[in-house]
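K.L.:
Have a look at this one.
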Amino acid sequence: MARKWFGTDGVRGQVGDSVIHPEWVLRLGWAAGHVLTADAPGRPQVVIGKDTRLSGYMLESALESGLAAAGVDVLLVGPLPTPAIAYLTRTLRADAGIVISASHNPYQDNGIKFFSGDGYKLPDAQEEAIEAWMDRPMTLSASERLGKARRVDDAVGRYVEFCKTTFPADLNLRSMHLVLDCAHGANYKVAPMIFGELGATLELLGVEPNGININDQVGSTHPEALRAAVLRTGADMGIAFDGDGDRLLLVDDQGELIDGDEILWLLARDMCQYGELSGVVGTVMTNLALEQALAGCGVPMVRAPVGDRYVLEAMRRHGYPLGGESSGHIITPANTTGDGILAALRILAILRRTGEALAALREGYRPFPQVLKSVRIAGAQSLLDQPLARQLIADAEDRLGGTGRLLVRPSGTEPLLRIMVEAASADMAADVAATLTTGLAKLALASAVLGPLN
Numbered sequence: 001m002a003r004k005w006f007g008t009d010g011v012r013g014q015v016g017d018s019v020i021h022p023e024w025v026l027r028l029g030w031a032a033g034h035v036l037t038a039d040a041p042g043r044p045q046v047v048i049g050k051d052t053r054l055s056g057y058m059l060e061s062a063l064e065s066g067l068a069a070a071g072v073d074v075l076l077v078g079p080l081p082t083p084a085i086a087y088l089t090r091t092l093r094a095d096a097g098i099v100i101s102a103s104h105n106p107y108q109d110n111g112i113k114f115f116s117g118d119g120y121k122l123p124d125a126q127e128e129a130i131e132a133w134m135d136r137p138m139t140l141s142a143s144e145r146l147g148k149a150r151r152v153d154d155a156v157g158r159y160v161e162f163c164k165t166t167f168p169a170d171l172n173l174r175s176m177h178l179v180l181d182c183a184h185g186a187n188y189k190v191a192p193m194i195f196g197e198l199g200a201t202l203e204l205l206g207v208e209p210n211g212i213n214i215n216d217q218v219g220s221t222h223p224e225a226l227r228a229a230v231l232r233t234g235a236d237m238g239i240a241f242d243g244d245g246d247r248l249l250l251v252d253d254q255g256e257l258i259d260g261d262e263i264l265w266l267l268a269r270d271m272c273q274y275g276e277l278s279g280v281v282g283t284v285m286t287n288l289a290l291e292q293a294l295a296g297c298g299v300p301m302v303r304a305p306v307g308d309r310y311v312l313e314a315m316r317r318h319g320y321p322l323g324g325e326s327s328g329h330i331i332t333p334a335n336t337t338g339d340g341i342l343a344a345l346r347i348l349a350i351l352r353r354t355g356e357a358l359a360a361l362r363e364g365y366r367p368f369p370q371v372l373k374s375v376r377i378a379g380a381q382s383l384l385d386q387p388l389a390r391q392l393i394a395d396a397e398d399r400l401g402g403t404g405r406l407l408v409r410p411s412g413t414e415p416l417l418r419i420m421v422e423a424a425s426a427d428m429a430a431d432v433a434a435t436l437t438t439g440l441a442k443l444a445l446a447s448a449v450l451g452p453l454n
C-alpha cells in the first residue's frame with residue numbers, strides 16, 4: 001500500500017507546508033491517538049518529546065490538542081533526544097511515544113515520528129492505519145473522556161541515570177578529555193551531564209540552542225569544528241551528535257573522522273571477544289569493508305533498507321544484537337532505537353578497558369573508497385523508472401566491472417536522489433559517481449521540460 005505522508009522516519013517537511021502545519025498535525029495527533037491506544041487498558045497515555053527547533057512548541061501544542069480530542073492523556077517531557085523518548089515511553093508504561101524533530105535537517109524543517117508502547121518505531125502497517133484514520137471526519141471524545149496533559153519534571157534525570165547505568169560500574173572517565181558537539185540540538189543538556197558525571201573533562205560545542213541554529217555548521221553533518229577542537233585541545237576523542245541525538249560520528253585523537261560503519265566494526269570486534277555477537281545488521285549503504293572484516297571474524301552481516309527502523313526490524317528477525325547505518329545510527333542491546341550517547345559510551349568503555357588510544361584501535365580497518373552524491377528532484381522514483389535512467393546506471397555498473405558497488409535510491413526524507421559508488425580506487429569511485437550524477441541530473445531536467453524520455 002502506497003503511503004501518502006509517512007517516509008522512512010515518520011512524517012517530515014518544511015514548517016508551514018500542507019503537512020508540517022498545526023491544523024494537519026492536530027488531525028495527526030487525533031488519528032494516532034485512536035490507532036495507537038485502541039487496546040489500551042484504562043486511560044491511555046502518550047509521551048511527547050521534541051528537539052530544540054522553534055516550531056516544536058507550536059507542533060507540540062497541536063499534537064497535544066489532537067490527542068486530547070481522542071481521549072488520550074499526554075506526558076510532556078520537553079527537549080530530549082529521540083532515544084530518551086523511546087526509553088521513557090517504556091519505563092513510564094505509556095501506550096506510545098511521539099518525537100517532534102527533523103533530525104539532521106535545518107530548523108526550517110520539522111517532523112513527527114512515533115514509538116509503540118514497547119519503545120520500537122512503528123511498522124508500516126500501523127503508519128498506514130494512522131493515515132487511514134486521517135481520512136475520517138474528526139470527532140471529539142465525550143467531554144468527560146477528553147485527555148489532559150502534564151509535564152514529567154524528572155524526565156532529564158531519568159534518562160541521564162539510565163545512560164550512566166549502561167557504562168561498566170568498575171570504570172569511569174576520569175583523566176579523559178572529550179569534545180562534545182551537540183548540534184544545538186536535543187542532546188545539549190543531557191550529554192554534558194552524562195559524560196561529565198562519569199568524570200570526563202569536557203570541551204563543549206553546539207550547546208546553546210536558540211530555536212534556529214540546530215545543525216547549523218555543527219553536529220554530525222558538519223564535523224569540521226569538532227575535528228579542529230580535538231586537534232587544538234589534544235582531546236582523546238570527539239563526539240558529534242545530530243539534532244535529535246539518535247546518531248553520532250566520532251573523531252579520533254589524531255583528528256580523523258570515524259563514520260557509523262567503522263563504529264559498528266569497533267563495537268562488533270569487542271563484542272566478538274566476549275562471545276556476545278551472533279551477527280550484525282547494516283544497510284544497503286554499509287561499506288563493503290565492514291562486511292569483509294566481519295566475515296574474517298566468522299560473523300554474518302545482513303543488509304536492510306536504509307532507515308534505522310528497518311535495521312532494528314532485521315535485528316529482531318535474525319536475533320542479532322548489533323546494527324546500524326553509515327550515517328551513525330547505532331543500535332545496541334541497551335535501547336530499542338539508535339542512541340548516540342549509548343554508542344559513544346560503549347566505545348569509551350573499550351578505550352578504558354584496553355588502555356589504547358582510539359587511533360590505535362582503528363588500525364587494520366580499511367574502508368573501500370566511497371563517494372556519495374545527491375540530485376535534488378521531486379519524483380525521484382519516477383525518474384529511476386525511465387529506460388534512459390536504467391541505462392545510465394547499467395553503464396556505471398559496467399565500468400565498475402564487479403570490483404565495487406553502486407546504489408541509486410530515492411531519499412526517504414527529502415526530495416533527493418541518492419547515489420553511492422564504492423570502488424577499489426578513490427579515482428574510479430569519484431569518476432563513476434560524477435558521470436552518473438551528471439547524466440541523471442540532465443535527464444531529470446529534460447524530463448521536467450519534455451516529460452518522461454524513453
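Numbering follows the UniProt record's numbering, with no gaps: position 1 of the sequence shown is 1. Glycine included, every Cβ here is placed at the ideal spot set by N, Cα and C. Computed from a prediction, not measured in an experiment: that's the story for all the values here.
Drop a sphere of 10 angstroms on the beta-carbon of Gly-402, count the other beta-carbons inside from all chains shown, and report buried for 16 or more, exposed for fewer.
P.N.:
By the 10 Å Cβ count, Gly-402 comes out exposed.
K.L.:
In this structure, does DSSP put Ser-374 in helix, strand or coil?
P.N.:
Note: Ser-374 maps to strand in three-state DSSP.
K.L.:
As an exercise, report each continuous alpha helix (DSSP H) stretch of at least 4 residues that is fully enclosed by the stretch 251-330, in chain order.
P.N.:
For the stretch 251-330, whole alpha helix (DSSP H) runs of length 4 or above, ordered along the chain, are 260-273, 288-296, 308-318.
K.L.:
Which runs of the beta strand (DSSP E) spanning at least 3 residues fall entirely within the stretch 79-126, listed in chain order?
P.N.:
For the stretch 79-126, whole beta strand (DSSP E) runs of length 3 or above, ordered along the chain, are 96-100, 109-116.
K.L.:
Thinking C-beta only, is Leu-345 closer than 8 Å to Asp-163?
P.N.:
A small correction: the amino acid at residue 163 is Cys; Asp does not occupy that position in the sequence shown. Yes, these two residues count as a Cβ contact at 8 Å.
K.L.:
On the three-pair Cβ rule with 8 Å, is the stretch 214-227 touching the stretch 248-262?
P.N.:
Enough Cβ pairs lie closer than 8 Å, so yes.
K.L.:
With distance defined between alpha-carbon atoms, name the residue in Val-11, Val-302, Cys-272, Leu-383 nearest to Asp-124.
P.N.:
Here the closest residue by C-alpha is Val-11.
K.L.:
Straight-line CA distance for Pro-452 to Asp-385?
P.N.:
Interpretation of Pro-452 is limited by its pLDDT of 47, a score under 50 that renders its predicted location unreliable; no figure is taken from the coordinates.
K.L.:
Let's test the definition: count the other Cβ atoms within 10 Å of the Cβ of Asn-454 and tell me whether it reaches 16, buried, or not, exposed.
P.N.:
Here Asn-454 scores only 43 on pLDDT, less than 50, and its place in the model should not be relied on; the value that follows carries that caveat. By the 10 Å Cβ count, Asn-454 comes out exposed.
K.L.:
So, are the CB atoms of Asp-339 and Glu-325 less than 8 Å apart?
P.N.:
Not closer than 8 Å, so no.
K.L.:
Can you check which of these residues, Ser-175, Asn-110, Gly-439, Val-35, is closest to residue 464 by C-alpha distance?
P.N.:
Residue 464 lies beyond the range of the chain shown here (1 to 454); nothing can be said about it.
K.L.:
Which residue spans inside the UniProt domain "Alpha-D-phosphohexomutase C-terminal" (383-435) form an unbroken alpha helix (DSSP H) run of at least 4?
P.N.:
As far as the UniProt domain "Alpha-D-phosphohexomutase C-terminal" (383-435) is concerned, its whole alpha helix (DSSP H) runs of at least 4 residues are 387-400.
K.L.:
What are the boundary residues of the beta strand (DSSP E) that includes Phe-241?
P.N.:
Looking at the DSSP string, the run of the beta strand (DSSP E) that includes Phe-241 is 237-241.
K.L.:
Just verifying my parser: in three-state terms, what is the DSSP assignment at Ile-212?
P.N.:
It is coil, neither helix nor strand.
K.L.:
Return the chain-ordered list of same chain residues with a C-beta closer than 6 Å to the C-beta of Thr-37, the five sequence neighbours on each side being excluded.
P.N.:
Cβ within range, chain order: Pro-44, Val-72, Asp-95.
K.L.:
For the stretch 281-288 and the stretch 367-380, state whether three or more C-beta atom pairs, one from each stretch, are separated by less than 8 Å.
P.N.:
Yes, since at least three Cβ pairs between the stretch 281-288 and the stretch 367-380 fall closer than 8 Å, the two stretches touch.
K.L.:
Roughly how far, in whole angstroms, is the beta-carbon of Ser-411 from the beta-carbon of Arg-418, given that I think they are within contact range, below 8 Å?
P.N.:
With a Cβ gap of about 5 Å, Ser-411 and Arg-418 count as contacting.
K.L.:
Report buried or exposed for Pro-168, applying the criterion of at least 16 other Cβ atoms within 10 angstroms of its Cβ.
P.N.:
It counts as exposed.
K.L.:
In chain order, what residues of the same chain have a beta carbon less than 6 Å from the beta carbon of Thr-201, not counting five sequence neighbours either side?
P.N.:
Hits under 6 Å: His-177.
K.L.:
Could you give the first and the last residue of the continuous beta strand (DSSP E) run that contains Ile-48?
P.N.:
Start and end: 45-50.
K.L.:
Straight-line CA distance for Val-375 to Leu-436?
P.N.:
Cα to Cα, the separation comes out at about 10 Å.
K.L.:
Thinking C-alpha only, which one of Asp-427, Tyr-87, Arg-227, Leu-171 is nearest Leu-400?
P.N.:
Of Asp-427, Tyr-87, Arg-227, Leu-171, the residue nearest in Cα terms is Asp-427.
K.L.:
Do the CB positions of Lys-50 and Ile-100 come within less than 8 Å of each other?
P.N.:
A contact, by the Cβ cut-off of 8 Å.
K.L.:
Which same chain residues, not among the five before or five after Asp-270, have their C-beta less than 7 Å away from its C-beta?
P.N.:
Taken in chain order, the residues that qualify are Ile-350.
K.L.:
Can you round the beta-carbon distance between Leu-312 and Met-301 to whole angstroms, since I take them to be within the 8 Å contact cut?
P.N.:
Leu-312 to Met-301, Cβ: 15 Å. No contact.
K.L.:
What are the partner residues of Gln-14, as DSSP defines its beta bridges?
P.N.:
DSSP output for Gln-14 lists Asp-109 as bridge partner(s).
K.L.:
Excluding the five sequence neighbours on either side, which residues of its own chain have a C-beta within less than 8 Å of the C-beta of Gly-66, listed in chain order?
P.N.:
Taken in chain order, the residues that qualify are Val-25, Leu-26, Arg-27, Leu-28, Gly-29, Trp-30, Ala-31, Ala-32, Gly-33.
K.L.:
Can you tell me whether Lys-4 is buried or exposed? The criterion is at least 16 other CB atoms within 10 Å of its CB, across all chains shown.
P.N.:
That one is exposed.
K.L.:
Using the rule of at least 16 other Cβ atoms within 10 Å of the residue's Cβ for burial, across every protein chain shown, is Arg-53 buried or exposed?
P.N.:
Buried, because 16 or more other Cβ atoms sit within 10 Å of the Cβ of Arg-53.
K.L.:
Smallest Cα separation from Leu-392: which of Ala-378, Val-408, Arg-232, Ser-327?
P.N.:
Looking at the Cα atoms, Val-408 is the closest of the given residues.
K.L.:
Kindly list the residues whose CB is nearer than 7 Å to the CB of Val-432, restricted to its own chain and excluding five residues on each side of it in sequence; keep chain order.
P.N.:
Around Val-432: Ala-396, Arg-399, Leu-400, Val-421, Ala-423.
K.L.:
For Arg-247, report the span of its alpha helix (DSSP H) as first-last.
P.N.:
From DSSP, Arg-247 is part of no alpha helix (DSSP H); its letter is neither H nor E.
K.L.:
Are the Cβ atoms of Val-35 and Ile-85 separated by less than 8 Å?
P.N.:
Cβ distance not < 8 Å, so Val-35 and Ile-85 don't count as in contact.
K.L.:
Let's see if you can read the secondary structure: which residues bound the alpha helix (DSSP H) around Ala-62?
P.N.:
Start and end: 55-69.
K.L.:
State buried or exposed for Asn-210, treating a residue as buried only when at least 16 other CB atoms are found within 10 Å of its CB.
P.N.:
Under this definition Asn-210 is an exposed residue.
K.L.:
In chain order, which continuous runs of the alpha helix (DSSP H) of length 4 or greater are located wholly inside the stretch 136-169?
P.N.:
Within the stretch 136-169, the complete alpha helix (DSSP H) runs of at least 4 residues are 155-165.
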